[in-house]
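Taking it in order: structure first as structure tokens, then the write-up.
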Amino acid sequence: MRFTEADTLGLHKYPLVAQQELMLVDGACFCWALIPLLQGSLRSFLTQHTTDWNSTLGLTVSLARGLAFLHADIWKDGHHKPSIVHRDLTSQNVLVKADTTCAISDFDLALMLPSCRKIGGQHENVHAMKAVGTLRYMSPEILEGCVNLKCWEATLKQADVYSMGLIIWETFSRCNSFYPSRAAVPEFRMAFEAELGQETHFKELWALVFVERRRPVLPEVWKKDPEIYCSLKETLEDCWDPDAEARLTALCAEQRLRSLMAVNTPNQSRQNVVDSIIIGGT
1 MRFTEADTLG
11 LHKYPLVAQQ
21 ELMLVDGACF
31 CWALIPLLQG
41 SLRSFLTQHT
51 TDWNSTLGLT
61 VSLARGLAFL
71 HADIWKDGHH
81 KPSIVHRDLT
91 SQNVLVKADT
101 TCAISDFDLA
111 LMLPSCRKIG
121 GQHENVHAMK
131 AVGTLRYMSP
141 EILEGCVNLK
151 CWEATLKQAD
161 VYSMGLIIWE
171 TFSRCNSFYP
181 SRAAVPEFRM
191 AFEAELGQET
201 HFKELWALVF
211 VERRRPVLPE
221 VWKKDPEIYC
231 SLKETLEDCW
241 DPDAEARLTA
251 LCAEQRLRSL
261 MAVNTPNQSR
271 QNVVDSIIIG
281 GT
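With full-length UniProt numbering applied, the sequence shown covers 1 to 282.
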């Protein structure tokens with residue numbers, strides 16, 4: 001069915017989507033009436049602050065939960081929330097609330113999938129798969145243009161998850177619990193900033209991400225806590241897997257990150273090792 005009138009969704013009632021209304025017209029999402037959130041964008045927040053273990057998990061779990069909500073097709077109390085893909089998920093388009101959780105914002109390029117399926121067949125599928133959004137966070141298949149048009153809705157969700165994986169890496173890279181002091185935490189860097197600088201160009205990014213299959217480097221300091229390192233490494237690699245179909249769903253990523261809440265913080269893990277050595281030697 002083609003939308004001929006604006007269909008408004010009250011997604012502002014959901015705490016992990018920025019407090020705004022979404023107007024859905026012909027499968028595209030338009031937003032307005034943004035209520036300022038106290039700590040600005042996630043990128044700005046991470047540039048100015050480091051975060052402890054619990055705050056880092058709070059940011060990343062809420063990000064994954066918000067994306068899982070957008071991707072979900074929900075019927076509740078007679079109301080329908082269709083599946084929505086963001087298509088421009090970056091740390092600049094994620095806001096940090098006063099309680100240090102994330103809210104996804106900036107839906108200018110978002111698409112509502114159910115209406116897209118019904119409004120134009122193959123031509124509309126090709127149009128939806130065009131490379132849009134912020135270059136640095138584009139998935140390898142979007143950069144290369146080698147997408148499965150028969151399952152394009154899933155492809156767009158998988159591209160969102162790839163972008164989310166880069167943001168999760170950025171966030172954990174500013175976690176001060178891995179370091180002896182906050183002063184030791186490296187300055188914030190966007191994904192691939194170490195490899196490509198602050199300005200990205202298509203050919204260089206395409207060669208790095210698609211041809212060489214490179215991803216952001218996991219900090220060596222994470223390896224000091226094997227359990228945490230293995231879990232983070234697996235989750236990140238499963239978010240930005242070169243094979244889009246092998247990537248996690250946003251919901252699965254949320255569950256993986258949430259499981260880390262039961263793990264000791266990096267500093268606690270190291271202290272437990274020291275304590276066990278001391279006890280064993282007495």
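Glycine included, C-beta positions come from ideal geometry on N, C-alpha and C.
How many angstroms separate the CA atom of R214 from the CA atom of L70? Residue mapping note: residue 214 aligns to position 214 of the sequence shown, counting from 1. Residue mapping note: residue 70 aligns to position 70 of the sequence shown, counting from 1. Approximately 28 Å between the Cα atoms of the pair.
Cβ pair L260, P216 closer than 8 Å: Residue numbering aside, residue 260 sits at position 260 when the sequence shown is read from its first letter. Residue numbering aside, residue 216 sits at position 216 when the sequence shown is read from its first letter. P216 is positioned such that its CB atom lies no closer than 8 Å to that of L260.
Would the segment 96-103 and the segment 175-193 be scored as touching if the rule is three or more Cβ pairs under 8 Å? Proximity of the segment 96-103 to the segment 175-193 falls short of the contact definition, fewer than three beta-carbon pairs being nearer than 8 Å.
Grouping DSSP H, G and I as helix and E and B as strand, with all else coil, what is S55? Position 55 of the sequence shown holds residue 55. In the displayed model, S55 falls within a helix according to three-state DSSP.
Mind checking whether P266 and K223 have CB atoms under 8 Å apart? As a position in the sequence shown, residue 266 is number 266, starting the count at 1. As a position in the sequence shown, residue 223 is number 223, starting the count at 1. Going by C-beta atoms, P266 is not nearer than 8 Å to K223.
Rounding to the nearest angstrom, what Cα-Cα distance links L251 and V147 in this structure? To locate residue 251, count along the sequence shown from 1; it is residue 251. To locate residue 147, count along the sequence shown from 1; it is residue 147. Spanning the alpha carbons of L251 and V147 requires a straight line of approximately 22 Å.
Which class does V147 belong to by DSSP, given the choice of helix, strand or coil? Here residue 147 is taken as the residue at index 147 of the sequence shown, counted from 1. The answer is coil: DSSP assigns V147 none of H, G, I, E or B.
Tell me the residue span of the alpha helix (DSSP H) that contains K223. As a position in the sequence shown, residue 223 is number 223, starting the count at 1. For K223, there is no enclosing alpha helix (DSSP H), as DSSP marks it with neither H nor E.
Alpha-carbon to alpha-carbon, L196 and residue 285: Here the chain has residues from 1 to 282 only, and residue 285 is not among them.
What are the residues that DSSP puts in a beta bridge with K157? Taking the sequence shown and counting its residues from 1, one reaches residue 157 at position 157. K157 is not bridged to any residue.
For S41: DSSP bridge partner residues: In the sequence shown, counting from the first residue as 1, residue 41 sits at position 41. For S41, which the question treats as bridged, DSSP gives the partners L95.
Bridge partners of H80, per DSSP? Along the sequence shown, read from residue 1 onward, the residue named residue 80 stands at position 80. Answer is W75.
Give me the Cα-Cα distance between S91 and A154, rounded to the nearest whole angstrom. Residue numbering aside, residue 91 sits at position 91 when the sequence shown is read from its first letter. Residue numbering aside, residue 154 sits at position 154 when the sequence shown is read from its first letter. It is roughly 22 Å from the alpha-carbon of S91 to the alpha-carbon of A154.
Boundaries (first-last residue) of the alpha helix (DSSP H) holding R258: As a working note, residue 258 is residue 258 in the sequence shown. In this chain, the alpha helix (DSSP H) harbouring R258 covers A250 to S259.
I'd like to know if the segment 49-59 and the segment 75-83 are in contact, where contact means that at least 3 CB-CB pairs between them fall below 8 Å. Touching, no.
Whether V96 touches E254 by CB criterion (8 Å): In the sequence shown, the residue the question calls residue 96 occupies position 96. In the sequence shown, the residue the question calls residue 254 occupies position 254. Against a cut-off of 8 Å, the Cβ pair of E254 and V96 comes out as no contact.
Check the DSSP bridge columns for C175 and list the partner residues they point to. One-based indexing of the sequence shown puts residue 175 at position 175. BP columns for C175 point to T51.
Only counting the same chain, and skipping five residues up and downstream in sequence, which positions put a Cβ closer than 6 Å to that of A68? For this step, residue 68 is matched to residue 68 along the sequence shown. Taking A68 as the centre and dropping the five residues before and after it, the same chain places the C-beta of A250, L251 and E254 closer than 6 Å to its C-beta, in chain order.
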